[in-house]
Each structure stands twice: as C-alpha cells, then as structure tokens.
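Colleague: In case it helps, our numbering puts the sequence shown at residues 234 to 555.
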Amino acid sequence: MLDFKFNELKLKSGETLAPVTIAYQTFGTLNKEKSNAILICHALSGDSNVVEWWGKMVGEGKPIDTKKYFVICSNVIGGCYGSTGPATVQPFPSITISDMVNAQKKLIDHLGISRLLSVIGGSMGGMQGLQWSVAYPQMVKSVIPIATTTKLSAQGIAFNEVGRHAIMLNPKDGLAVARMIGHITYLSDEAMHKKFGRRQKEGGVEFEVESYLKHQGSSFTKRFDANSYVSITKAIDRFDLAENYNGLAEAFAGSKEIKFMVVSFTSDWLFPAYQSWEIVKALKTNSINVSYRNIGSTAGHDAFLLDDPQLKTIIGGFLSNV
234 MLDFKFNELK LKSGETLAPV TIAYQTFGTL NKEKSNAILI CHALSGDSNV VEWWGKMVGE
294 GKPIDTKKYF VICSNVIGGC YGSTGPATVQ PFPSITISDM VNAQKKLIDH LGISRLLSVI
354 GGSMGGMQGL QWSVAYPQMV KSVIPIATTT KLSAQGIAFN EVGRHAIMLN PKDGLAVARM
414 IGHITYLSDE AMHKKFGRRQ KEGGVEFEVE SYLKHQGSSF TKRFDANSYV SITKAIDRFD
474 LAENYNGLAE AFAGSKEIKF MVVSFTSDWL FPAYQSWEIV KALKTNSINV SYRNIGSTAG
534 HDAFLLDDPQ LKTIIGGFLS NV
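Here's what the structure looks like:
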C-alpha cells in the first residue's frame, strides 16, 4: 500500500482537513500515453485492495484486466484503512462524497494522469463515480456506476440512522448491530431464503440466519472503526448530485463527452432499478452516450460484488469500446 500526503483539503462544509493522507494501491502498468488508467471507488466498508474484494472482476485476464489497464484504488477520506479519518484527526470534520472525490482528484494529479479511461464503482463507489462525472468531466472518459443512486432514499437514510444510533449507545456492540442491519439490506428476500430458509443450527438454539448476522457483526468490529462508520454513512445520506443544480439533467449538462454504462440489479431493494433509470433518463435528456443494463439476479444489492457472469461481460465489453 502506498501513501500520498498533502497539506490540506478544503471541505464542502467550509472546514479544512489537515494534514491529509490518502492510502492507495495500483495494479498493472501505466502506459506511455497515460491513457489506460482506471479508478475504482470502493463502497462503505471497502479499502484500496480491490483485487481482494473484487477479485472476480479485477486482475490479469479478468474483465478489468491489469495486463491491459492501470488500476488505481484508494481508501476514502473518513475511512480506517490508511487514509485520514476519525482515528487520525480528532475531532474529525463532517465530510461529503464530493470531499472524497476532491481528495481522489489530488491523487490522480499527483500520479500525472490528466484523463482517466474510466471511473467505476458500486453502491457508494457509484456515487463517487457520478460525482467525478459532474465535478471533473474533463478528466473522465467513461463512468460505470453500478447499483447506485444520485441521492439516498428516506428508507436508506433510516437504516443508516438506526445503525448510527446503536453506535452512539455503545460503539463496539453498536457497530456490530449496524453491520447486522446492513447485511439484511444487502440481501434480497429470495437470497435469504436460499441461503438460510428457516434452518436451525445444531441443537435448535438459533436459526442459521441469526448465527450468520451475529458472525458478520462480530467480525466487522475487528476490522472497522465505529467513528468511520458514522462519518461515511452521514456522507452517503447527504449525497445529492443535483443539489446545486435545477434538477438532475442540469447536473449532467457538462458531462457530454463522457460515455456511461449504468448497471442495476432486479433484486436490489436498497438501490432499486428505478434509481438507476433516473440517471439514464437525465443523461439521455442531454444526448449523452449512455447504455443501461438491469441484470436479472436474486442476490440483492451485493450482487455487484459476486461472480456475476453478466456483469463481467458488460464491464469487459464496455471498457474494450471506450
């Protein structure tokens, strides 16, 4: 893992974050023209090691082929995997998705890359990709937003608030509860039925789904920081791509040179397909080059992280034609 350090970052809130460290990793080789760089943005609990958490998609011979592309992935500010966050700066200021992207932009400038071949991300990572397309359209050739939205629904905000409230009552146990809630939203009803049904653990003490959620919650507390969870989920809640514009179509008005591939999943009830379709409609209003795929899946929101052959084909094919 590499560190990029700079003196300060002006935040949307008006505050200044200083000093700043961005933890990042790169995979593959940047070509002479510096035209093969892809930035992959992680979701809520991710890190810079994209070949681990998205190993089915990124690597040699994979759809995002590191023999062909130079892949960059950084831990967001506010995170707890090397980048500046609540564990390193106290008190930690309020941050936004746009602040995360502005920090990433400084990293890309540091690497000497004037235009990214693509910005790709799922869930919160997709929010960052959309923000890139609006904030720095001249630096992005294509964007692949997956299972994401331009603004979180009231339901999504509600789930995040319950998790934060649990953390405020007890940071460690509350973080476990927040993760348990999260995992319920990441899976569809059908996925839950297939994975667990009403099966019980040996001895009938508890249902398998109970054991699964407890394990996910407990293991999460060993690898994630409760204050980072609060900071990042608040940034997700506040994200509204059209906030400073008269509607979503106006927000995308400056993105006409970018090619988009928008992807959703039929069973994703956390970021349902209609939210992706709203992105597509706004892009089409501007006559922007956009393709859309709503993939049939029973896996729920987490489908983008799984070994989905359709998603692999879509991403690999799209990148080959950017």
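Each residue gets a CB set at the ideal place from its N, CA and C atoms; glycine is no exception.
Note down, in chain order, each residue of its chain lying with its Cβ closer than 7 Å to the Cβ of Ile390, except the 5 sequence neighbours on either side.
Modeller: Residue mapping note: residue 390 aligns to position 157 of the sequence shown, counting from 1. Closer than 7 Å at Cβ, skipping near neighbours: Asp470.
Colleague: Tell me where the beta strand (DSSP E) around Thr254 begins and ends.
Modeller: Translated into positions along the sequence shown, residue 254 becomes position 21. Segment 253-260, the beta strand (DSSP E) holding Thr254.
Colleague: Counting along the chain, where does the beta strand (DSSP E) carrying Val495 start and finish?
Modeller: Walking along the sequence shown from the start, residue 495 turns up at place 262. Val495 -> beta strand (DSSP E) spans 492-498.
Colleague: Among Tyr445, Gln508, Ile379, Ile528, which one has its Cα closest to the Cα of Thr499?
Modeller: Along the sequence shown, read from residue 1 onward, the residue named residue 499 stands at position 266. When each option's Cα is compared against that of Thr499, the closest is Ile528.
Colleague: Which of the three DSSP states is assigned to Arg526 in this structure?
Modeller: Numbered from 1 along the sequence shown, position 293 holds the residue referred to as residue 526. Strand at Arg526.
Colleague: Assess, as a yes-or-no matter, whether the stretch 346-358 is touched by the stretch 264-279 under the definition of 3 or more beta carbon pairs within less than 8 Å.
Modeller: Three or more Cβ pairs closer than 8 Å define a contact, and the stretch 264-279 meets that threshold against the stretch 346-358.
Colleague: So, using beta-carbon positions, are Phe239 and Lys339 closer together than 8 Å?
Modeller: Position 6 of the sequence shown holds residue 239. Position 106 of the sequence shown holds residue 339. Taking 8 Å as the Cβ cut-off, Phe239 and Lys339 qualify as a contacting pair.
Colleague: Kindly list the residues whose CB is nearer than 8 Å to the CB of Leu263, restricted to its own chain and excluding five residues on each side of it in sequence; keep chain order.
Modeller: For the purposes of this step, residue 263 is identified with residue 30 of the sequence shown, where counting begins at 1. Hits under 8 Å: Asn269, Ala270, Phe303, Leu344, Ile346.
Colleague: Between the stretch 409-427 and the stretch 531-544, do at least 3 Cβ pairs fall closer than 8 Å?
Modeller: yes
Colleague: DSSP on Val513, reduced to helix/strand/coil?
Modeller: Position 280 of the sequence shown, counted from the first residue, corresponds to residue 513. The answer is helix: DSSP assigns Val513 an H, G or I state.
Colleague: Whole angstroms are fine: how far does the CA of Arg431 sit from the CA of Ile353?
Modeller: Against the sequence shown, residue 353 aligns to sequence position 120. Against the sequence shown, residue 431 aligns to sequence position 198. If I take the Cα positions, the gap works out to 37 Å.
Colleague: Measuring alpha carbon to alpha carbon, tell me which of Trp287, Phe537, Cys313, Phe325 ends up nearest Thr249.
Modeller: Reading the sequence shown from its first residue, position 16 is the one you call residue 249. Closest by alpha carbon: Phe325.
Colleague: If you drop the 5 nearest sequence neighbours on each side, which residues of the same chain put their C-beta closer than 7 Å to that of Ile328?
Modeller: Along the sequence shown, one-based indexing puts residue 328 at 95. Shown here for Ile328: same chain residues with a beta carbon closer than 7 Å to its own, the five before and five after excluded, namely Leu244, Ile310, Gly311, Ser464, Ala468 in chain order.
Colleague: Label Gln361 either buried or exposed according to how many other C-beta atoms from any shown protein chain fall within 10 Å of its C-beta, with 16 as the threshold for buried.
Modeller: Numbered from 1 along the sequence shown, position 128 holds the residue referred to as residue 361. The residue is buried, with at least 16 neighbouring Cβ atoms inside 10 Å.
Colleague: Looking only at its chain, what residues have a beta carbon closer than 6 Å to the beta carbon of Pro319, apart from the 5 residues adjacent to it on each side?
Modeller: Taking the sequence shown and counting its residues from 1, one reaches residue 319 at position 86. Hits under 6 Å: Phe325, Asn460, Ser461, Ser464.
Colleague: How many Å lie between Lys434 and Thr466 at the Cα?
Modeller: Taking the first residue of the sequence shown as 1, we reach residue 434 at position 201. Taking the first residue of the sequence shown as 1, we reach residue 466 at position 233. Their backbone Cα atoms lie some 33 Å apart in a straight line.
Colleague: According to the Cβ coordinates, are Phe453 and Leu503 closer than 8 Å?
Modeller: Here residue 453 refers to the residue found at position 220 of the sequence shown. Here residue 503 refers to the residue found at position 270 of the sequence shown. Annotated as distal: Phe453 and Leu503, with beta-carbon spacing of 8 Å or more.
Colleague: Note down the Cα distance separating Met372 from Thr254, rounded to an integer number of angstroms.
Modeller: By one-based count along the sequence shown, residue 372 stands at place 139. By one-based count along the sequence shown, residue 254 stands at place 21. Cα-Cα distance, rounded: 22 Å.
Colleague: Where does Asp540 sit, in a helix, a strand or coil, going by DSSP?
Modeller: To locate residue 540, count along the sequence shown from 1; it is residue 307. The answer is coil: DSSP assigns Asp540 none of H, G, I, E or B.
Colleague: With DSSP as the reference, label Phe485 as helix, strand or coil.
Modeller: Counting from one through the sequence shown, the residue named residue 485 turns up at place 252. Looking at Phe485 - three-state DSSP - the assignment turns out to be coil, as it is neither helix nor strand.
Colleague: Just to confirm, is the Cβ distance from Phe537 to Ile379 under 8 Å?
Modeller: By 1-based counting over the sequence shown, the position of residue 537 is 304. By 1-based counting over the sequence shown, the position of residue 379 is 146. Yes; because the gap between Cβ atoms is below 8 Å, this pair is in contact.
Colleague: Quick check on the burial criterion: 16 or more other C-beta atoms within 10 angstroms. Buried or exposed for Leu235?
Modeller: In the sequence shown, counting from the first residue as 1, residue 235 sits at position 2. Looking at its Cβ environment, which holds fewer than 16 other Cβ atoms inside 10 Å, Leu235 is exposed.
Colleague: By alpha-carbon positions, which one of Val334, Val495, Lys405 ends up nearest to Arg526?
Modeller: Reading the sequence shown from its first residue, position 293 is the one you call residue 526. Considering only alpha carbons, the answer is Val495.
Colleague: Under DSSP, the alpha helix (DSSP H) around Ser461 begins and ends at which residues?
Modeller: Here residue 461 refers to the residue found at position 228 of the sequence shown. Here the alpha helix (DSSP H) through Ser461 covers 459-471.
Colleague: Should Thr546 be labelled buried (16 or more other beta-carbon atoms within 10 Å of its own) or exposed?
Modeller: As a first step, residue 546 is located in the sequence shown; it is residue number 313 there, counting from the start. Under this definition Thr546 is an exposed residue.
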